[in-house]
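Colleague: Take the sequence shown: its position 25, counted from the start at 1, is 25 in my numbering, and no numbers get skipped.
Structure provided below as structure tokens; questions to follow.
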Amino acid sequence: MLKRLSSRLYVPLGRHWYSTPPTYFAGSTPRPVVSSVPTSVPTSVPNSVPTSIATSPTNAGNHVQNPPRKYLLELATVISVLAMSLLAFDSYRVRLKLEAKLEQDAEQFKQTQDLVTKEFNANRKKRELQILNERKRVQTRELKVALHVALLRKQLEDLGIQPASVKQALQEFEKNAKMENSASNVSGTRLWVTENSCYKGYISDVREYD
């Protein structure tokens, strides 16, 4: 019975105490005074409090900071991929352009080479034909001159005159014949008899035998 009464009359500590004012403050409203008696405030954090509550600001800050960083990383990755794609496309375009120009230059070079080859072959054939014609003309002249000399020698012999020998003709050639280079002649040389020879007036022009 006493325990029940005591438990009902029990007033927990830690609440504010009120003291009565002095007599000269009679009639005024009592002022609450905080008692110096320490209350039974727990000094430690209850074990039941989860650690996630204490670290919630930091985690919240991390959650706030991570999305912008992740976004920047994704943006940087996209920009890098775009830059590499543009660089690869530009390199491919330049390569195609260079290949096309190379093929065009090769085609032009082939055409020029074919044209030069045709001109060279045409000039070579023309030169060969000119040489053949010149040789034919020279041989024809030589034979005509030889026949003319034969006719003259026969006339001399018919008249009882001994014609000049080949040895005498060679000596006269060594003495009075001259030779020089000539671009107009296929053989590259030109022959003539000097004015000192007494036979110059009797030498016929080779062109007369054409």
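Built from N, CA and C at the ideal position, the CB exists for glycine as well.
Sort out for me which residues DSSP pairs Val-84 with in a bridge.
Modeller: Here residue 84 refers to the residue found at position 84 when the sequence shown is read from its first residue. Just to set this straight, residue 84 is Met in the shown sequence, not Val. Per DSSP, none; premise fails for Met-84.
Colleague: Select from Asp-158, Val-166, Lys-110, Lys-101 the residue whose C-alpha is nearest the C-alpha of Ala-146.
Modeller: Start at 1 with the first residue of the sequence shown, and residue 146 comes out as number 146. Nearest option by C-alpha distance: Val-166.
Colleague: Check Leu-159 in the structure and name its three-state DSSP category.
Modeller: Counted from its first residue, the sequence shown places residue 159 at position 159. The answer is coil: DSSP assigns Leu-159 none of H, G, I, E or B.
Colleague: What does the alpha-carbon distance come out to for the pair Val-206 and Glu-107?
Modeller: Translated into positions along the sequence shown, residue 206 becomes position 206. Translated into positions along the sequence shown, residue 107 becomes position 107. Near 52 Å, if we compare the C-alpha coordinates of Glu-107 and Val-206.
Colleague: Assign Asn-133 to one of three DSSP states: helix, strand, or coil.
Modeller: Translated into the one-based positions of the sequence shown, residue 133 becomes position 133. Helix.
Colleague: Rounded to whole angstroms, what's the CA-CA distance from Leu-87 to Glu-74? Just pull it up for me.
Modeller: In the sequence shown, residue 87 corresponds to position 87, counting from 1. In the sequence shown, residue 74 corresponds to position 74, counting from 1. Answer to the nearest angstrom: the Cα atoms are 20 Å apart.
Colleague: Please identify the residue among Gln-139, Val-193, Glu-172 whose C-alpha is closest to the C-alpha of Glu-180.
Modeller: Numbered from 1 along the sequence shown, position 180 holds the residue referred to as residue 180. Of the candidates Gln-139, Val-193, Glu-172, the one whose C-alpha sits nearest the C-alpha of Glu-180 is Val-193.
Colleague: Is the beta carbon of Lys-148 less than 9 Å from the beta carbon of Ser-197?
Modeller: By one-based count along the sequence shown, residue 148 stands at place 148. By one-based count along the sequence shown, residue 197 stands at place 197. Residue identity check: residue 148 is His in the sequence provided, not Lys. Not in contact: His-148 and Ser-197 (Cβ atoms no closer than 9 Å).
Colleague: Alpha carbon to alpha carbon, how far is Lys-178 from Ile-131? Give it in angstroms, no decimals.
Modeller: Translated into the one-based positions of the sequence shown, residue 131 becomes position 131. Translated into the one-based positions of the sequence shown, residue 178 becomes position 178. Distance between the alpha carbons of Ile-131 and Lys-178: 23 Å.
Colleague: Where does the unbroken alpha helix (DSSP H) through Val-166 begin, and where does it stop?
Modeller: Position 166 of the sequence shown holds residue 166. First-last of the alpha helix (DSSP H) with Val-166: 166-176.
Colleague: Going by DSSP, which residues form a beta bridge with Arg-190?
Modeller: Position 190 of the sequence shown holds residue 190. Answer is Glu-180.
Colleague: When you compare only the Cα positions, how much space is there between Gln-242 and Ile-161?
Modeller: Outside the modelled stretch of the chain, which goes from 1 to 210, sits residue 242, for which no answer is possible.
Colleague: Below 8 Å on the Cβ atoms is my guess for Arg-127 versus Asp-210; work out the distance and round it to an integer in Å.
Modeller: Counting from one through the sequence shown, the residue named residue 127 turns up at place 127. Counting from one through the sequence shown, the residue named residue 210 turns up at place 210. Not confirmed; about 21 Å, so no contact.
Colleague: Can you tell me the Cα-Cα spacing of Ile-79 and Gln-104, whole angstroms?
Modeller: Here residue 79 corresponds to residue number 79 of the sequence shown, with the count starting at 1. Here residue 104 corresponds to residue number 104 of the sequence shown, with the count starting at 1. Their Cα atoms are separated by approximately 37 Å.
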